[in-house]
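Quick note on full-length UniProt numbering: the sequence shown kicks off at 1 and runs consecutively. Ideal Cβ positions, reconstructed from N, Cα and C, are used throughout, including at glycine. All figures in this text were calculated on a predicted structure; none of them were measured in a lab. Before any comments, here is the structure.
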Amino acid sequence: MTMEVKDSGSVVLTAYHPHSPARIPGVEQNFVQDILPSRSPASRKSLSRCRRINRMLSNESVPPAFSRSNSQASVDSTSMEDFWCEVESIKESREDGSEEALLLEFRPADEGELEAEWLQDVGLSTLISGAEEEDGQALLSTLTRTQAAAVQKRYNTYTQTLRKKNKHTVRDVRDIFGTSDSSPTFETVPVSPVSPNGIQLPGQKPVWKSVSSKSCLDCGIDKGSPSITEELSYDVSFSESITVLPKTQEWPKNQRFKKEDSALPKFIVRKSRFGLTEVGDLSPEDMKKIRYLSLIELTAFYDALGVELKRNRVERVRGRENGLFGVPLTVLLENDQKKVPGIKVPLIFQKLLLKLEETGLETEGILRVPGSASRVKNLHQELEAKFYEDTFDWDQVRNNDAAGLLKMFIRELPSPLFTVEYLPAFITLVEKISKIKLQLQALHLLIMLMPEANRDTAKAFLQFLKKVVANEGKNKMNLWNVSMIVAPNLFIYKGKRANQQEMQAAATTAHIVRLLIRYQDILWTVPSFLISQVRKMNEAAMNNSKRQLMFDKGVRKLLRRKTMERERPERPEGAVTFPPYLQSDIPEGVIRVYAPLHSKVSMAIQLNSQTKAKDILARFHCENSRGSSQNVRGQIQSLHEIGGNIGQHCLDPDAFMLDVYRANPHAEWVIKPKAS
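Right under this line is the structure:
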């Protein structure tokens with residue numbers, strides 16, 4: 001039996017009765033009275049209310065017939081108290097009118113609609129429309145075995161549903177993919193098999209190469225960490241690495257999320273010969289392809305684990321078009337970029353973080369201890385009126401009030417900071433699969449799926465939270481405390497129908513926040529296997545364009561006439577202009593590096609197996625140490641790979657250039673400041 005309890009803020013609490021199919025008379029009313037805050041006199045304090053809520057949901061004061069969900073049973077009542085106190089604080093801020101209502105409506109999906117939306121989201125709308133788009137064909141040509149199977153499964157479901165509904169004639173898959181079978185098949189990219197834990201199987205070449213003892217990304221625990229360190233590899237897709245299906249339902253009722261920091265494993269990501277690539281190191285065009293591939297890979301990953309990838313269909317809220325709070329991130333950034341070109345995080349959010357970093361990191365109970373509701377409300381109104389006029393007095397803002405404004409900003413976003421489409425699916429995975437590595441890989445792909453504005457803002461927020469945890473000795477806020485406070489602000493939403501699972505899985509959402517904070521350096525690194533697929537996708541698109549050009553009737557006629565004239569062909573108007581690297585006679589293994597901001601703007605460099613990007617930067621710095629302007633010398637310069645099979649790629653200083661050159665021999669190499 002399922003029992004729903006609603007308060008005036010439309011938050012839904014769910015309790016389960018596994019023993020009896022019938023509703024127990026009178027229990028629901030008593031349950032509601034104990035959980036919901038009294039609207040009569042304030043004789044009941046907020047702290048005591050949230051403690052009662054916590055006891056109720058942890059089953060300490062509920063009759064034995066009621067059992068907790070896995071998530072609710074996963075931590076003790078004391079550790080969850082911060083979570084429910086924060087929920088209570090959020091509810092009170094809604095009731096006193098200091099926050100505007102945010103309505104997120106989750107729409108049910110008709111049969112086949114989810115598959116159609118999925119195909120569109122991964123850039124394969126051509127399979128629905130019937131149009132032959134080069135990007136779709138190029139994407140299909142890069143898929144691994146498991147990725148191709150995921151696409152094929154969704155396409156088959158989509159076509160079968162349409163035939164069942166007889167909406168319109170559906171093309172036979174053989175007409176699309178040219179196969180003799182009734183199901184579409186894709187030419188897949190071969191991968192090297194590895195064991196589930198990423199350890200190299202006997203008799204196989206290693207999938208990554210160790211560079212040096214310091215050339216790795218170390219995300220672990222500074223104190224009390226486990227003695228065993230796990231290594232992560234980005235060279236093989238996560239779904240292809242699953243050779244043994246892990247056991248599901250690995251969270252028995254008596255097992256708990258361990259809230260100690262030392263309970264989390266320590267991961268090391270070894271740098272390959274290509275180095276590591278952060279999200280901001282790739283061009284927007286290539287990141288769009290990364291998002292396509294990430295959703296396909298995430299789906300294949302869930303298929304390989306035997307977990308259903310469910311998706312919320314959310315009715316988007318338009319939000320305000322001006323102001324600070326309740327305004328979409330994209331609108332805020334568009335307005336802020338008029339003042340500060342190229343800015344990636346809203347100015348108000350940056351200012352709130354800066355205020356807390358300057359004065360609040362050592363404040364005891366920061367984020368947990370609420371500020372004055374009346375002061376926060378007044379500051380909110382004053383910020384809306386004075387922020388863009390630069391007349392707001394930040395010195396008057398107390399640290400706990402600034403923390404309240406920060407959390408209010410996040411809650412009032414029309415679309416949640418961490419998009420909710422796949423949150424239920426991830427909660428399901430965490431509750432069924434206890435292995436942290438698999439959880440981390442799924443979360444990694446979800447980060448790659450986030451819109452750019454959300455991802456950049458989330459990164460700034462998580463960097464701040466990491467600093468809060470680093471000051472635990474003074475502010476008394478450890479990783480679990482911070483996760484408990486932040487989770488309700490990120491993953492519990494107001495609306496006509498609040499998502500029951502979000503309240504039910506309180507400890508799970510806190511665990512997700514803990515993973516986000518602890519492993520953020522890993523999560524904002526683009527897996528190298530996705531970059532390799534983007535390169536193949538770009539190459540396939542270029543080859544398609546070349547074939548189309550060669551078979552164009554006008555071009556063939558022009559080439560035939562020029563051949564007969566035995567003259568050097570003149571470039572016809574509108575013809576393709578080939579870049580200098582295709583016209584030059586630079587020897588193999590030699591690249592010409594351009595540095596337009598330096599006094600010496602170009603240099604030919606002979607590469608060997610040990611040449612790194614930082615070696616080239618050092619050589620330019622030495623050659624230009626006197627001639628370059630002081631402004632240029634003060635900037636952090638990076639080597640960029642531009643063109644060929646990549647849009648633009650800011651290279652890791654430890655990248656081995658001969659390997660990068662061989663992967664993209666037609667690129668141009670430019671030294672310029674790294675985009676902030």
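{"Asked": "When DSSP labels each residue in this structure, what does Ile-427 get in the three-state scheme?", "Found": "helix"}
{"Asked": "For my contact list, Glu-278 and Thr-525 are in at a C-beta cut-off of 8 Å; report their separation, rounded to the angstrom.", "Found": "6 Å"}
{"Asked": "Phe-267 and Leu-295: beta carbons closer than 8 Å?", "Found": "no"}
{"Asked": "Quick one: what's got a C-beta closer than 8 Å to Ala-460's C-beta in the same chain, skipping five residues either side?", "Found": "Val-345, Phe-349, Gln-350 and Leu-353"}
{"Asked": "Less than 6 Å between C-beta atoms, sequence neighbours within five positions excluded: which residues of the same chain meet that for Ala-458?", "Found": "Leu-417"}
{"Asked": "Give the secondary structure of Val-236 by DSSP, where H, G and I count as helix, E and B as strand, and everything else as coil.", "Found": "coil"}
{"Asked": "Return the first residue and the last residue of the alpha helix (DSSP H) that Met-657 is part of.", "Found": "657–663"}
{"Asked": "Looking only at C-alpha atoms, which of Leu-139, Ser-89 and Thr-157 sits nearest to Ala-116?", "Found": "Thr-157"}
{"Asked": "Give every residue of the same chain whose Cβ lies closer than 6 Å to the Cβ of Leu-293, excluding the five residues on either side of it in the sequence, and list them in chain order.", "Found": "Leu-530 and Gln-533"}
{"Asked": "In whole angstroms, what is the alpha-carbon distance linking Leu-446 and Ile-512?", "Found": "12 Å"}
{"Asked": "What is the rounded straight-line gap between the Cα of Ala-663 and the Cα of Phe-274?", "Found": "10 Å"}
{"Asked": "Please say whether Leu-607 and Ile-591 have beta carbons closer to each other than 8 Å?", "Found": "yes"}
{"Asked": "Please report the distance separating the alpha-carbon of Leu-143 from that of Ile-290.", "Found": "12 Å"}
{"Asked": "By a C-beta neighbour count over all protein chains shown, 10 Å radius and 16 as the cutoff for buried, is Arg-44 buried or exposed?", "Found": "Here the model assigns Arg-44 a pLDDT of 42, short of 50, so the residue's position is not dependable, and the following value carries that caveat. Under this definition Arg-44 is an exposed residue."}
{"Asked": "At what residue ranges does the region 440–475 contain a whole run of the beta strand (DSSP E), taking only runs of 3 or more?", "Found": "none"}
{"Asked": "Let me check you understand the geometry: is the CB of Glu-384 closer than 7 Å to at least one non-hydrogen atom of the ligand NAP?", "Found": "Absence of the ligand NAP is noted for the structure shown, with no ligands found whatsoever."}
{"Asked": "Under DSSP, the beta strand (DSSP E) around Ser-602 begins and ends at which residues?", "Found": "602–606"}
{"Asked": "State the Cα-Cα distance for the pair Leu-276 and Arg-270, rounded to the nearest angstrom.", "Found": "9 Å"}
{"Asked": "Where do the N-terminal and C-terminal ends of the beta strand (DSSP E) with Tyr-388 fall, by residue?", "Found": "First-last for Tyr-388: undefined, no H or E at that position."}
{"Asked": "Report the residue ranges of all alpha helix (DSSP H) runs contained in full by the region 291–367; include only those spanning at least 4 residues, in chain order.", "Found": "329–336 and 347–359"}
{"Asked": "Pairing CB atoms from the region 391–405 with CB atoms from the region 360–377, are three or more of them under 8 Å?", "Found": "yes"}
{"Asked": "Give me the Cα-Cα distance between Gly-9 and Asp-393, rounded to the nearest whole angstrom.", "Found": "Note that Gly-9 scores 38 on pLDDT, short of 50, meaning its location in the model is unreliable and no value can be drawn from it."}
{"Asked": "Any chance the region 380–396 sits against the region 322–332, with 3 or more Cβ pairs inside 8 Å?", "Found": "yes"}
{"Asked": "Name the two residues that bound the continuous beta strand (DSSP E) containing Ile-128.", "Found": "Unbroken run through Ile-128 is the alpha helix (DSSP H), 126–129; no beta strand (DSSP E)."}
{"Asked": "Where does Pro-587 fall in DSSP's three states?", "Found": "coil"}
{"Asked": "Sort Val-482, Trp-669 and Ala-541 by Cα distance to His-649 and report the nearest one.", "Found": "Trp-669"}
{"Asked": "Measuring alpha carbon to alpha carbon, tell me which residue in Pro-265, Asp-303 and Ala-263 is nearest residue 729.", "Found": "Nothing can be reported for residue 729: it is not among the residues displayed for the chain, which extend from 1 to 676."}
{"Asked": "Kindly indicate which three-state DSSP category His-598 falls into: helix, strand or coil?", "Found": "coil"}
{"Asked": "For Val-87 versus Pro-488, is the C-beta spacing smaller than 8 Å?", "Found": "yes"}
{"Asked": "Apart from the five residues just before and just after Ser-283, which ones in its own chain have a Cβ nearer than 7 Å to its Cβ?", "Found": "Gly-647 and Gln-648"}
{"Asked": "Look at Tyr-234 and Pro-527 and say whether their C-beta atoms are less than 8 Å apart.", "Found": "yes"}
{"Asked": "Take the Cβ of Pro-665 as the centre, count every other Cβ of all protein chains shown within 10 Å, and call the residue buried at 16 or more, exposed below.", "Found": "exposed"}
{"Asked": "Taking only three categories from DSSP, how would you classify Arg-145?", "Found": "helix"}
{"Asked": "On a CA-only basis, which of Asp-521, Ala-510 and Val-331 is nearest Asn-478? Give me that one, please.", "Found": "Ala-510"}
{"Asked": "Terminal residues of the continuous beta strand (DSSP E) containing Trp-480?", "Found": "Counting along the chain, Trp-480 falls outside any beta strand (DSSP E), though it belongs to the alpha helix (DSSP H) covering 479–491."}
{"Asked": "Closer than 8 Å by C-beta to Leu-309: which residues in its own chain qualify, once you throw out the five before and the five after it? Chain order, please.", "Found": "Leu-298, Thr-299, Tyr-302, Asp-303, Tyr-422 and Ala-425"}
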